[in-house]
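Taken in order, these protein sequences are the chains called A, B and C. Sequential numbering of the first sequence, starting at 1, is according to the numbering used here. Sequential numbering of the second sequence, starting at 134, is according to the numbering used here. Sequential numbering of the third sequence, starting at 482, is according to the numbering used here. Every residue gets a Cβ at the ideal spot worked out from N, C-alpha and C, and that includes glycine. Note that the coordinates shown come from a computational prediction; the quantities given were computed from them, not determined experimentally. Worksheet: the structure to be examined is printed underneath.
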Amino acid sequence: MPSPRYTREIPGRYRLEAGRCSGCGKLVYPVRRVCPKCRGREFETTQLSRRAKVVTSTVIHVPPSDFQMQSPYAVAIVETPEGARMMAQVVDCDPNQVLPGMEVALEFRLLKREGRAGILCYGHKGVPITPGG
Amino acid sequence: MAGIVGYGAFVPRNRIKSEEIARQWGKDPAVIQRGLLLKEKSVPGFDEDTITISVAAARAAIDRAGIDPMRIGALYIGSESHPYAVKPSGTVVAEAIGTGPEIHIADFEFACKAGTEAMFVALGLVESGRVDYAMGIGADTSQGAPDDALEFSASAGGAAFLFGRDNLLVDVLETYSYTTDTADFWRREGEFYPRHGGRFTGEPAYFKHVLASARGILEKANLKASDFRYAVFHMPNGKFPLSAGKTLGFKQEQLETGWVVPQMGNTYSGSSPTGLAAILDIADPGDLILITSFGSGAGSDSFVLKATDLLPQQRGRAPTVQSMLQGPRRYLTYGEYAKYREKLIVND
Amino acid sequence: MREVAIVGAGMTRFGELWKYSLRDLFVEAARGALESAGADRLDSIYVGNMSGGQFVGQEHLGPLCADHLGMAGVAAARVESACASGGVALRLAYLDVASGASDLVLAAGVEKMNDGADVTAVLATASDQENEVYHGITFPGLYAMIARAHMAAFGTTEEDLAWVSVKNHRHGAKNPNAQFRREVTVEEVMASSPVAAPLRLLHCSPVTDGAAAVLLCPLSEAKKYTDRPVKIRGSGFATSTLTLADRENPAVLDAVQLAAERAYKAAGVGPKDIQVAEVHDCFSIAEICCIEALGFADRGRGGQAARSGMTALGGKIPVNTSGGLKSKGHPVGTTGVAQAIEIFEQLRGDAGERQANGARIGLTQNMGGSGASSVVHIYERGF
């Protein structure tokens with residue numbers, strides 16, 4: 001991925017920065033210029049908590065080439081307590097156990113490398129929260 | 134006076150047992166375990182590296198300190214496995230924890246001593262008054278060559294220490310460094326695995342510098358081994374730190390809390406820092422703690438620390454090292470380990 | 482707006498067509514459509530194509546196609562809406578004629594997927610690059626998530642998914658142009674290799690080369706070309722959020738629902754009036770969700786349609802008599818136009834062994850991405 005594009009997305013990817021519409025209060029993640037609910041253009045920056053619940057999920061068995069060595073891996077749509085939804089892998093567990101309702105902590109991880117010589121791309125992945133953990 | 138206002142650690146959840154590695158190379162696991170005193174080590178996943186480990190440790194340190202990360206004026210990461218050869222690890226971590234751009238950042242390197250180096254400099258900057266808070270992190274995901282002794286010990290993990298002048302969890306009473314040019318272990322630019330001088334890494338390297346550094350700080354601080362509740366030394370394997378500790382007059386009870394290597398291996402720049410974090414997880418107010426690191430090349434940093442009353446109040450805000458060592462983890466086969474550590478040749 | 486008719490159609494076989502380039506495919510389909518109508522000129526050409534640029538490094542397909550058809554000079558442009566490109570090309574052609582601006586328009590679709598591109602990566606560009614693909618999701622992965630959400634909400638089973646593939650292969654076995662002309666059993670589908678849990682290989686449409694084209698003109702002039710025209714009664718088009726995480730409910734394809742409402746309104750008919758339909762089964766779960774969104778089955782009950790025979794040839798509302806995307810093949814940008822050709826033939830009584838007897842009103846539904854765009858057309862026998 002070319003670095004200008006990567007660098008622009010850092011606040012959302014590294015810090016889970018979201019926007020709350022000043023007009024209608026809708027939470028938008030990642031941030032956008034126009035509110036999808038009321039078309040307002042003013043937002044307050046806010047950070048999402050690093051916990052979420054799985055809404056739906058799958059286990060990828062045929063991955064894209066830059067994720068080749070990692071398969072099979074679970075990917076899920078997760079929802080934070082504030083109500084923001086996002087796509088995230090869920091790792092450090094049996095991928096077949098990643099099912100709707102699972103609670104995860106969001107940890108900072110290396111999402112991919114641009115080949116052997118390109119940039120490193122970071123973001124967040126979910127890790128199951130075990131009871132008492 | 135300056136000291137530690139927050140600390141945190143992170144150990145990846147994948148493990149491989151030393152008997153699995155021994156089996157791969159046709160070695161007797163019992164001999165290995167007796168010789169190195171290593172049970173298992175942590176293995177980073179494809180999605181883990183020095184940067185991700187540092188972010189987790191730094192976030193925990195900030196949680197324990199309870200300060201606004203924007204007040205951190207400097208951030209230093211010491212590692213011998215920085216993900217880029219040219220481009221800092223510190224900048225990624227700083228953006229991830231929500232600090233900067235008014236911040237000083239540098240990456241440090243000195244084999245396994247780079248973590249305490251980062252701590253050394255962070256402490257000095259806060260003491261001088263140039264910044265209010267500075268973070269020093271030691272983290273690594275170093276490699277051991279196949280069928281080499283280091284393959285049993287080279288692991289992944291790290292710890293972060295936030296230094297400040299107020300609300301200290303740990304006072305820093307003294308520091309001392311002992312450094313010479315000794316080529317006991319090295320890696321040339323472009324090489325995938327490091328090389329070492331076999332037995333030369335023992336007496337003339339590890340023991341010479343660790344003992345000199347520890348003796349140096351004890352003399353400077355006018356203390357003796359029995360004054361301390363805890364001591365932690367760099368842990369290249371299970372044996373060396375116990376041997377150094379005993380030589381200096383420390384007893385098993387003083388050494389065992391920081392002695393995390395049998396369960397997680399040697400996390401290089403993260404080794405003694407993670408052992409220190411394990412100690413801080415249980416130390417009582419007033420306890421004196423010695424930490425002495427070692428980095429090949431070669432040098433040894435020592436700190437004399439004292440736990441304050443605030444430590445037990447704040448440390449519950451982030452996970453303990455033991456909870457990571459005992460918590461959910463997955464044991465890999467050698468094949469999976471080789472895949473994760475990119476020891477397999479793949480098509481680009 | 483004038484009434485519009487389809488008066489000619491042409492398509493290539495669908496499959497791995499190693500000897501055919503993108504240009505070859507387009508020309509064969511386009512010439513087929515022109516010759517079937519005895520036409521030798523065009524006012525405009527709309528070419529549905531998801532990504533000539535990524536599959537074969539070729540953009541600017543409008544002039545390329547016109548030129549290779551021997552008609553340089555004709556107004557021509559590529560139309561893109563991921564897998565709905567063909568359907569949208571048809572819609573634009575329809576509006577071009579309906580508005581009175583043009584009298585003879587070719588709506589075509591072409592996709593050359595087998596020239597060595599990284600197909601998984603190219604198809605993933607139909608989803609959200611920054612927020613979905615970045616995390617390692619694939620196209621089948623997105624539909625797998627939709628399947629799991631549907632299964633959790635409505636109790637749909639993996640076997641229900643398998644029945645869609647079984648039905649469509651049974652239809653496709655009767656289609657000489659289909660990529661796969663053999664039947665499959667439920668057991669075979671359930672044992673095929675996992676792609677993205679719970680979807681397996683035989684739940685997923687294949688990688689296909691192919692082209693299709695239809696000729697449109699005002700209904701009042703259809704006699705010049707054929708005495709059996711098929712009218713386009715209505716067209717509806719809608720979008721939804723690109724990112725699956727932003728949908729109200731991942732188990733509900735709201736773009737399809739909205740497009741269908743608009744098409745039904747324009748056509749003055751409802752779901753009960755539709756007698757045969759081509760529906761976008763890029764994955765088995767898609768057919769289940771689409772027939773719910775089209776109103777052929779109640780919300781959550783789509784899983785039973787294939788199993789019970791409701792959507793099979795001879796059933797209440799035959800769906801995908803062509804074999805659907807699963808068995809006929811899915812050359813991405815072509816599909817929407819190929820769907821129109823199947824309905825064109827059905828309503829003219831030309832579907833041979835696949836004929837839905839007496840069908841007078843038909844529907845096509847084409848969809849892009851994970852349901853981010855959808856276009857629905859309703860047709861009626863015009864003679």
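* Would you say A/S49 faces chain C, with C-beta separation under 7 Å as the test? -> Chain C contact via Cβ: absent.
* To do: Using the Cα positions of B/W392 and B/A278, report the straight-line distance between them to the nearest angstrom.
  => Take the alpha-carbon of B/W392 and the one of B/A278: they are about 24 Å apart.
* To do: Would you please verify whether the beta carbon of A/F67 is less than 7 Å from any beta carbon of chain C?
  => yes
* To do: Compile a chain-ordered list of the residues in the region 453-465 of chain B whose CB is closer than 8 Å to at least one CB of chain A.
  => S456, G460, P461 and R463
* **Three-way DSSP call (helix, strand, coil) for B/G335 in this model** => helix
* If A/K53 sits next to A/E79, beta carbons under 8 Å apart, how far is it from one beta carbon to the other, in whole angstroms? -> The C-beta separation of A/K53 from A/E79 comes to about 6 Å, placing the pair in contact by the 8 Å criterion.
* To do: State the beta-bridge partners of B/D265 as determined by DSSP.
  => According to DSSP, which records beta bridges pairwise, B/D265 is partnered with nothing at all.
* Asked: DSSP on C/N530, reduced to helix/strand/coil?
  -> coil
* Can you give me the Cβ contacts of A/C93 inside the same chain, cut-off strictly under 6 Å, excluding the 5 residues immediately before and after it? => P128
* To do: Provide the residue span of the alpha helix (DSSP H) that contains C/C771, from first to last.
  => S765 to A774
* **Contact set for C/V603: own chain, Cβ-Cβ below 7 Å, skip 5 residues either direction** => S532, Q535 and F536
* Can you say whether B/Y464 is buried or exposed, counting buried as having 16 or more other CB atoms within 10 angstroms of its CB? => exposed
* To do: Express the C-alpha separation of C/S765 and C/K809 in angstroms, rounding to a whole number.
  => About 14 Å.
* Please check if any C-beta of chain B sits within less than 7 Å of the C-beta of A/T130. => yes
* Asked: Going along the region 164-183 of chain B in order, which residues come within less than 7 Å of chain A, judged by CB to CB distance?
  -> Only G178, F179, D180, E181 and D182 from the region 164-183 of chain B bring a Cβ to less than 7 Å from some Cβ of chain A.
* Asked: In the DSSP assignment, what are the bridge partners of B/S435?
  -> B/Y309 and B/T425
* Over what stretch of residues does the beta strand (DSSP E) that includes C/K712 continue unbroken? -> Counting along the chain, the beta strand (DSSP E) containing C/K712 begins and ends at V711 to T720.
* Asked: If you measure from the beta carbon of C/I526 to each beta carbon in chain A, is any gap under 7 Å?
  -> no
* Asked: How close, in whole Å, do the beta carbons of C/Q660 and C/F864 come, if the pair is a contact with beta carbons under 8 Å?
  -> Wrong, their Cβ atoms sit about 32 Å apart, outside the cutoff.
* For the region 145-176 of chain B, list the beta strand (DSSP E) runs that are entirely contained and at least 3 residues long, ordered along the chain. => 147-150 and 173-176
* **Three-state secondary structure assigned by DSSP to B/F340** => DSSP places B/F340 in helix when its eight states are reduced to three.
* Asked: If you draw a straight line from the C-alpha of A/V55 to the C-alpha of C/A630, how long is it?
  -> Using only the alpha carbons, I get a separation of about 8 Å.
* chain B contact for A/R15 (CB, 7 Å cutoff) -> yes
* To do: Find out if the Cβ-Cβ distance for the pair B/G178, B/A451 is shorter than 7 Å.
  => no
* Asked: For chain A, is any of its Cβ atoms less than 7 Å away from the one on C/H652?
  -> no
* Can you say whether C/V670 is buried or exposed, counting buried as having 16 or more other CB atoms within 10 angstroms of its CB? => buried
* List the residues of chain C whose Cβ lies closer than 7 Å to the Cβ of A/Y73, in chain order. => Near A/Y73 (Cβ distances below 7 Å), the residues of chain C are G617.
* To do: Would you check if the distance between the CB atom of B/F241 and the CB atom of B/G199 is smaller than 7 Å?
  => no
* Mind checking if A/I60 is an interface residue toward chain C, Cβ cutoff 7 Å exclusive? -> yes
* Asked: In chain order, which continuous runs of the beta strand (DSSP E) of length 3 or greater are located wholly inside the region 185-253 of chain B?
  -> 205-211 and 237-241
* Going by beta carbon distance, what residues of the same chain come within less than 6 Å of C/G751, once the five residues before and after it are set aside? -> Excluding sequence neighbours, C/G751 sits near Y745.
* Answer yes or no: does any C-beta atom of chain C fall closer than 7 Å to that of A/K85? => It should be pointed out that residue 85 of chain A corresponds to Arg in this sequence rather than to Lys. It does; some Cβ of chain C falls within 7 Å.
* Asked: Does DSSP classify C/E668 as helix, strand or coil?
  -> helix
* Determine the closest residue to B/D304 out of B/G430, B/G290, B/R263 and B/A440, with distance taken between C-alpha atoms. => B/A440
* To do: Could you round the C-beta distance between B/V394 and B/N355 to whole angstroms and report it? I think they count as a contact, below 8 Å.
  => Not quite, the Cβ-Cβ distance comes to about 30 Å (not below 8 Å), so this is no contact.
* **C-alpha gap between B/A229 and C/Y615, whole angstroms** => 18 Å
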